[in-house]
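A short write-up of the structure that comes next.
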């Protein structure tokens, strides 16, 4: 079963910023999208159906450990994976609970409308 992948505006903005810095990011991200469509639950659970996925950036040459982090929210009943945030591990170690909660509230607010 293929899951629908939805990137929220915050994610698209962060991805655009990173893709200017790393030439291979769009291709790397495309590989991740195909993987998420088949296997939506990937990475480390952050609770509340959110996951932190390690993504390598080929042009950076450091593998997954020094690559990007993608924060996803999986809605199994709707066959949807929401992409909430993406960041370079070198610039930011982790996403804070406050940031994560705010991103989840954005999704839940849109679903209620």
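In full-length UniProt numbering, the protein residues as written are 1 to 113.
Glycine included, every Cβ here is placed at the ideal spot set by N, Cα and C.
Check the C-beta distance from residue i over to residue j and give it rounded, since I have them as a contact under 8 Å.
i          : j          : result
residue 29 : residue 46 : Not a contact, Cβ separation roughly 20 Å.
residue 71 : residue 89 : No, residue 71 and residue 89 are not in contact; Cβ-Cβ is about 12 Å, not under 8 Å.
residue 3  : residue 32 : Rounded, the Cβ-Cβ distance is 13 Å, inconsistent with contact.
residue 22 : residue 59 : 5 Å
residue 79 : residue 1  : 7 Å
Nearest chain B C-beta to residue i closer than 7 Å, yes or no?
i         : result
residue 4 : No chain B is part of this structure, which consists of one protein chain only.
Report the partner residues of residue i according to the DSSP bridge assignment.
i           : result
residue 87  : 69
residue 4   : 80
residue 101 : Answer is none; residue 101 lacks a bridge partner.
residue 75  : 80
Would you kindly work out how many angstroms separate the C-alpha atoms of residue i and residue j, rounded to a whole number?
i           : j          : result
residue 104 : residue 61 : 32 Å
residue 106 : residue 57 : 28 Å
residue 81  : residue 34 : 12 Å
Within 10 Å of its beta-carbon, does residue i have 16 or more other beta-carbons around it, so buried, or fewer, so exposed?
i          : result
residue 63 : exposed
residue 12 : exposed
**Study point:** Start-end ranges of the beta strand (DSSP E) lying completely within the stretch 42 to 71, minimum 3 residues
**Key:** 44 to 47 and 50 to 55
Practice item. Mind listing, in chain order, the continuous alpha helix (DSSP H) runs of no fewer than 4 residues lying wholly within the stretch 8 to 37? Key: 9 to 21
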